[in-house]
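Contents: one structure, followed by commentary.
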Amino acid sequence: MTNNNNQVIKTATNEKTKIIPNFPFVEDNWQRPETKIVSVHQQFLEIANPYLNFVSQHIINNLKQLEAAFGIKSIGKINAQVNKTFNELRVLRNQINNRRHLFTDGNGHEKKYSVINFINYVDRKILSVIEIINDFIEKHRGSKKRFMYATSLDEYHKIINSEINSLFSYFESLEENKATDDAIPQKLLLATKKNDQKRKQKILEFKANFLNLAPKPYVNKQTKQIYPYGLHKFYKNYDKLKFKVERAFWENEVVKVDLLNKPHQANLKQNYKSTDFVIDLQNVVKYYSNGVTTNKVLKGVNLQIPPGEFVVILGPSGSGKTTLLNIISGMDRASSGKTIVADEDLLTFSDTKLTNFRRKNVGYIFQQYGLLPNLTVKENIEIGAHLQPNAALRLNIDELLKDIGMYEHRNRLPAELSGGQQQRVSIVRAISKNPKIIFGDEPTGALDEKMTQIVLEQFVEINKKYKSTLVIVTHNPLIAEIATFVVKVSDGTIKLIVKNSRPKKVSEVKWGGD
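Position 199 of the sequence shown, counted from 1, bears residue number 199 in the UniProt record's numbering, the numbering being contiguous throughout.
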């Protein structure tokens with residue numbers, strides 16, 4: 001009945017059906033190392049190797065629980081992905097002496113080892129596995145252990161009714177996120193309605209068929225014992241039915257989402273010029289499709305930001321905050337709703353128009369700096385400045401460098417700068433073309449606490465001096481204390497918007513080391 005503590009029922013059993021309605025999700029809230037940069041390679045290894053061992057064991061322990069609950073066969077694909085990730089991390093650990101250049105932070109001729117870059121690299125790998133595991137748990141919560149037979153006709157009927165009710169509940173959960181937006185053509189909405197009706201009819205017919213027919217006996221191949229109320233035939237046909245109707249459901253959803261994610265038709269009579277808001281989102285929805293299934297990431301977002309604000313978007317991993325940033329910045333289109341940014345209706349823009357919009361109106365600050373290694377500080381900034389097609393709008397680079405205390409380093413290469421200095425250069429590169437909005441996705445994530453404060457001071461000064469709207473995504477709530485607008489995102493919706501009329505100075509925030 002059991003094999004290596006895995007409760008996989010392969011033969012007949014008289015145990016009660018086991019339901020797992022609240023199987024726990026895998027958490028990612030473990031304590032990360034506080035040290036961010038070290039100067040000695042051995043110190044780096046003393047932090048890196050134990051962390052790698054810890055997160056690996058964390059995944060292994062959760063997989064053992066998953067196998068015990070759902071069976072090793074059920075999680076075969078997860079094991080394959082985990083093994084692939086572990087192999088990549090094992091290679092990293094075995095070759096860390098040769099690959100340590102990936103996690104060094106150059107400052108002149110002195111080399112420092114960036115622990116935070118290593119932690120972020122490992123976390124990205126591990127969190128991708130956790131996401132796969134949690135997706136599996138989400139889909140299988142409440143799933144039941146299957147039996148090859150029932151002990152009576154009454155129990156046989158009860159099991160069938162229970163399984164059919166579970167199937168209806170499963171599709172009800174899928175329907176909560178299906179695309180029903182007004183922008184979808186009526187013929188597709190009608191097709192969705194017909195598909196839903198057809199699915200319900202097929203399930204009810206399937207249920208009636210097995211309740212009315214006499215059960216087929218189940219024969220235990222090992223003991224040769226015969227059980228009159230066999231369920232093996234029911235489950236075989238049940239799986240076929242579920243696969244067929246679920247595929248029909250997703251095929252219809254993929255068609256709708258692919259249509260919604262294309263540029264929408266522009267309303268030529270509408271004038272979006274506004275002095276009130278540089279960002280105006282109304283009922284914004286975003287679906288993603290992988291060609292097989294769809295996922296509703298933003299679920300009716302409303303957000304209005306006046307020009308010149310310092311905006312911080314807070315939210316846990318998977319909350320939709322990065323998707324929201326991509327929609328606002330023109331990196332991606334919404335699926336439906338109203339997305340007016342810098343007086344432009346981005347929902348109607350083609351990919352080419354979005355690119356031109358970003359060049360003219362948007363600056364980016366990335367976590368990993370993104371400086372070209374063979375160009376000097378000033379040359380890197382000049383590339384950013386020339387993205388602005390209107391030369392008259394570009395800002396004076398030398399003046400910008402003086403503002404952030406980097407003028408003396410203008411002829412240095414990125415490798416000759418510290419991580420904080422490189423990030424300050426990336427800030428100047430973003431502002432040099434004089435954009436209406438500057439976006440940052442965890443822009444201080446790779447910096448230690450001291451350098452984080454220095455960089456944030458630059459953000460505040462740029463926001464005040466140039467009146468640019470700053471929008472930063474972060475998981476750090478302390479950064480929100482210096483913002484004028486705080487947006488809290490969770491589960492694809494905005495839960496709270498706070499207008500901070502008296503933001504703190506960077507020096508007034510109680511940072512971890514203070």
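Even for Gly, the Cβ is constructed at its ideal location relative to N, Cα and C.
Keep in mind that this is a model prediction, so the values were computed, not measured.
The region 309-323 makes no contact with the region 338-345; the number of CB pairs closer than 8 Å stays below 3. Within the region 15-70, no run of beta strand (DSSP E) at least 3 residues long lies entirely inside it.
When Cβ pairs closer than 8 Å are counted between the two stretches, the region 305-313 is seen to touch the region 473-485, the count reaching three or more.
Following the DSSP letters along the chain, one finds residue 441 inside the beta strand (DSSP E) bounded by residues 437-441. Beyond the five residues adjoining it in sequence on each side, residue 467 comes within less than 6 Å, by CB distance, of 308 in the same chain, given in chain order. By the CB criterion at 7 Å, residue 432 and residue 397 fall inside the cutoff. Residue 185 counts as exposed, since fewer than 16 other beta carbons sit within 10 angstroms of its beta carbon. The alpha helix (DSSP H) runs lying completely inside the region 439-495 and spanning 4 residues or more are 449-466, given in chain order. In this chain, the alpha helix (DSSP H) harbouring residue 195 covers 186-212. Here residue 423 is actually not in contact with residue 414; their C-beta atoms are around 11 Å apart, not less than 8 Å.
The C-alpha of residue 505 lies about 44 Å from the C-alpha of residue 136.
In the three-state reduction of the DSSP assignment, residue 95 falls in the coil class. Remark: three or more beta-carbon pairs, one from each stretch, lie closer than 8 Å, so the region 110-128 and the region 42-56 are flagged as touching. The Cβ atoms of residue 393 and residue 428 lie no closer than 7 Å to each other.
The three-state reading of DSSP puts residue 305 in strand, counting E and B together. Residue 212 and residue 163 have their C-alpha atoms some 16 Å from each other. For residue 384, the secondary structure class from DSSP, reduced to helix, strand or coil, is helix. Three or more beta-carbon pairs separated by less than 8 Å are not found between the region 284-299 and the region 364-380, which leaves the two stretches without contact. Leaving aside the five residues that flank residue 170 on each side, none in its chain has a CB nearer than 6 Å to its CB.
Secondary-structure assignment with DSSP links residue 286 through a beta bridge to 298. The C-alpha of residue 345 lies about 20 Å from the C-alpha of residue 388. Taking all protein chains shown into account, residue 253 has 16 or more neighbouring C-beta atoms within 10 Å of its C-beta and is therefore buried. With a cutoff of 7 Å on beta-carbon distance, residue 279 and residue 305 are scored as near each other. Annotation: residue 168 to residue 237 spans about 16 Å, alpha carbon to alpha carbon. A distance below 8 Å between beta-carbons, with the five flanking residues on each side excluded, links residue 239 to no residue of its chain. When only Cα atoms are considered, residue 456 and residue 172 end up about 46 Å apart. Within 10 angstroms of the beta-carbon of residue 138 lie fewer than 16 other beta-carbons, which makes it exposed.
Setting aside the 5 residues that flank it on each side, residue 161 has no residue in the same chain whose C-beta is closer than 6 Å to its C-beta. Pairwise C-beta distances place the region 472-479 in contact with the region 438-447, as three or more of them are shorter than 8 Å.
Cβ-Cβ distances below 8 Å link residue 127 to 28, 317 in the same chain, with the five nearest sequence neighbours on each side left out; the list follows chain order. In this structure, the straight-line span from the alpha carbon of residue 334 to that of residue 38 is close to 42 Å. Counting only the Cα atoms, residue 174 lies some 35 Å from residue 358. Every alpha helix (DSSP H) stretch that sits fully inside the region 331-410 and reaches 4 residues is listed by chain position as 351-361, 377-385, 397-403.
According to DSSP, residue pairing for residue 121 in a beta bridge does not occur.
Check the Cα spacing between residue 493 and each of 384, 191, 156, 296: the tightest is with 296.
For residue 310, the three-state secondary structure derived from DSSP is strand.
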